[in-house]
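Which chain is which? The protein sequence lines are A and B, in order. Numbering-wise, the first sequence is residues -19 to 299 according to this note's numbering. Numbering-wise, the second sequence is residues 505 to 758 according to this note's numbering.
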Amino acid sequence: MKNKRWIVYAAFSLVLLTSPAVLNRYWIDVLNVVGLYVMLSLSLNIILGHCGMFHMGHAAFYAVGAYTTAILNTVYAIPVLWLMPLSGLLAGLFALVIARPIIHLRGDYLLIVTIGFVEIVRIALINNVFGITGGANGIFGIDRPTIFGMKISTPGQFFYLIWFFVAVTIYLLRKLEHSRFGRALNYIREDDVAAAGSGIDISHYKLIAFVIGAVWAGFCGTLFAAKMTIIAPESFNFWESVLLFMIVLLGGRGSIAGVILGTFLVIGLPELFRQFATARMLVFGAVMIIMMIFRPEGILPPPPRTYRLDRTAEPEEAA
Amino acid sequence: MTLLHLENLTKRFGGLIAVNDVSFDVAEGTIVGLIGPNGAGKTTVFNLITGNYRADSGKIVFDGRLINNLPTHKIVSLGIARTFQTIRLFHKLTALENVLAGCHCRMKSGSVAAMFQPPWQRAEEKKALDKAMGELRFVNLETQAMNLAENLSYGNQRLLEVARALATEPRLIILDEPAGGMNDQETAQLIDTIRQIQARGVTVLLIEHDMSLVMKACEKIVVLENGAKIAEGTPPEIKANRRVIEAYLGTDEE
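Structure, rendered in structure tokens:
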């Protein structure tokens, strides 16, 4: 059964990687958007999926990353890809500062506060906070990224850039899942009293989960700014956060494969049915209701971690 | 030597005094039972010791150190582990992972080490895995390692909680009604397990309603009624104590 999964993953990767050869620019661009959302949803998955914190303000961290890149690139002409670590770092710091006082809030209370945060960030951006965000018009003229002197500008080139980062994300986050850290988040999600009773510092882990998720969202912000070359506050509104939230719940909390599938369904599928665009919300709403009733754990819930129990072997990574 | 020392411990919930001026000692290496009618405040005492509640007044001293205001996870890492009266396992995770939760506080690797997995992190994981399997074997659940905790029988879920607590390498283990929901045979085995825990050098403090277990396993018994301590002594002393008999059976005044 494990092998079957791997065959599916390999086939999917192969089809995806060769798809730019047959798709037109429009559809490649759709895949680029999906790639960005996969990365963003995976970063939210740490917070919402693994740790079980109802965080509906993820676009705020995405915005911090994107604006950091945009401002430093347009003002100081620093190459955009060099700004990726810094964007992640600043988004993480921002998360640390805002999450510290609210980290003990549970469920719906945390949800409300995080919704507040994403709105505050958006409104601050519109009002040209510190005079550097460009107000409602945003920031334009962001450079294209260059790799070894090659300028990335066509959708096809962006496809490989974005999906390369998606692949790195999947690799690292999978390792994270299969570790003491990943387990600790799951213990907290399952029962925080029992987790504390087992010696886990709940607030610490919740905070770190928030920061890691934010750092990754900051990375995504850099890619987004580089891809669009123009960013505006409306790209980081509450609805974006809701979409990400929905992707994780629909796909399967704590499941990388589930989140990827969820992204294709929520972001990719509506592109296929453009003519029904007005009915989109109706369909989303109905699907969410049906899912919550019949499959509350999501479409592809994570399989249990496996461990090698023959004592001579290393603990296994797999499935 | 006294391992745990409670002194004039008091806890109020609004107007209710749940624990009223309770003092007792737990000597290292012993098995001590805490009994009393329902609502006597036994579990509240446990929650105070493990830091789930804050005491309004009084002292809790563990191994010479005041632990009153420490958070639960600190208390666990100092060496006090517990099980819960209403089973609190991580139901959607495997039995093995439940025990690995206990190993957590004796491990070091964080998020960055997890992503890059240097050799020391892998070695630590393997050590934890061995330890967790060892504890599962200790409670005879090694064949259940890969089953989800929620699929275990009730008695086995209680044992799994014990294994998880033992994985924290405690010096004192606090068992809240470990025999709850167990049949006679399972209870007999549990007494055996509790003695083995003691043989490992771990001190045991337990709440139990099953008097046969308490009388057989405990060296010392503390009796609570309405939040206050009414008796303390060896099993024969407690059996003969008039106040205890009244508390359990009621007086014949009416």
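Where a beta carbon is used, it is the ideal one built from N, C-alpha and C, also for glycine.
State yes or no: is the beta carbon of residue i nearer than 8 Å to at least one beta carbon in chain A?
i	result
residue 554/B	yes
residue 515/B	no
residue 605/B	yes
residue 717/B	no
residue 558/B	no
residue 597/B	yes
I'd like to know whether the C-beta of residue i is nearer than 8 Å to at least one C-beta of chain B.
i	result
residue 145/A	no
residue 171/A	yes
residue 298/A	Interpretation of residue 298/A is limited by its pLDDT of 38, a score under 50 that renders its predicted location unreliable; no figure is taken from the coordinates.
residue 178/A	yes
residue 284/A	yes
residue 166/A	yes
residue 105/A	no
residue 152/A	yes
residue 279/A	no
Around the Cβ of residue i, are there at least 16 other Cβ atoms within 10 angstroms (buried) or fewer (exposed)?
i	result
residue 30/A	buried
residue 611/B	buried
residue 19/A	buried
residue 160/A	buried
residue 293/A	Confidence at residue 293/A is low in this model, with a pLDDT of 40, below 50, so the placement of that residue is unreliable and no value is reported for it.
residue 6/A	exposed
residue -7/A	exposed
residue 272/A	exposed
residue 625/B	buried
residue 661/B	buried
residue -16/A	exposed
At which residues does the alpha helix (DSSP H) containing residue i begin and terminate?
i	result
residue 184/A	182 to 208
residue 578/B	576 to 582
residue 179/A	Residue 179/A -> no alpha helix (DSSP H), and no H or E assigned at all.
residue 591/B	Run containing residue 591/B: none; DSSP gives neither H nor E here.
residue 138/A	135 to 157
residue 692/B	688 to 703
residue 660/B	658 to 670
residue 161/A	160 to 170
residue 551/B	546 to 553
residue 110/A	Per DSSP, residue 110/A belongs to no alpha helix (DSSP H) and is neither H nor E.
residue 54/A	38 to 56
residue 76/A	63 to 79
Could you tell me which chain A residues have their CB closer than 7 Å to the CB of residue i, listed as they occur along the chain?
i	result
residue 615/B	156, 161, 188 and 192
residue 548/B	Correct list: empty, because the minimum Cβ distance to chain A is about 15 Å.
residue 600/B	287
residue 649/B	289
With residue i as the anchor, note down where its beta strand (DSSP E) starts and where it stops.
i	result
residue 517/B	506 to 517
residue 561/B	561 to 566
residue 222/A	No beta strand (DSSP E) contains residue 222/A, which is instead part of the alpha helix (DSSP H) from 218 to 231.
residue 242/A	Where residue 242/A is concerned, there is no enclosing beta strand (DSSP E), although the alpha helix (DSSP H) it sits in stretches over 236 to 243.
residue 728/B	724 to 729
residue 750/B	Element bounds for residue 750/B: not the beta strand (DSSP E) but the alpha helix (DSSP H), 746 to 753.
residue 525/B	520 to 531
residue 736/B	732 to 737
Show which residues of chain B have a CB atom less than 7 Å away from the CB atom of residue i.
i	result
residue 123/A	Those do not exist, as residue 123/A stays about 29 Å from chain B at its closest Cβ, beyond 7 Å.
residue 181/A	577
So with CB distances below 7 Å, who are the chain E contacts of residue i?
i	result
residue 670/B	No chain E appears in the structure shown, which is made up of the protein chains A and B.
Which chain B residues are close to residue i, counting only those with a beta carbon under 9 Å from its beta carbon?
i	result
residue -11/A	Those within 9 Å of residue -11/A in chain B number zero; the least Cβ separation is about 20 Å.
Note down, in chain order, every chain B residue with its Cβ under 8 Å from the Cβ of residue i.
i	result
residue 69/A	Per Cβ cutoff of 8 Å: no residues; residue 69/A is ~14 Å from chain B at best.
Residues of chain A with CB under 9 Å from residue i, in chain order?
i	result
residue 733/B	Near residue 733/B there are no residues of chain A at all, since even the closest Cβ is about 25 Å away, more than 9 Å.
residue 593/B	170, 171 and 174
Using Cβ-Cβ distances below 9 Å, what residues of the segment 524 to 536 of chain B are close to chain A?
Listed in sequence order: no entries.
Return the residues of the segment 607 to 636 of chain B that lie within a Cβ-Cβ distance of less than 7 Å from chain A, sorted by chain order.
Against chain A - using a Cβ distance shorter than 7 Å - the residues of the segment 607 to 636 of chain B are 608, 609, 611, 613, 614, 615, 618, 619, 621, 626, 629, 630, 633 and 634.
Please name the residues in the segment 571 to 589 of chain B whose beta-carbon is closer than 9 Å to at least one beta-carbon of chain A, in chain order.
Hits within the stretch, in order: 575, 576, 577, 578, 579, 580, 581, 585, 586, 587 and 588.
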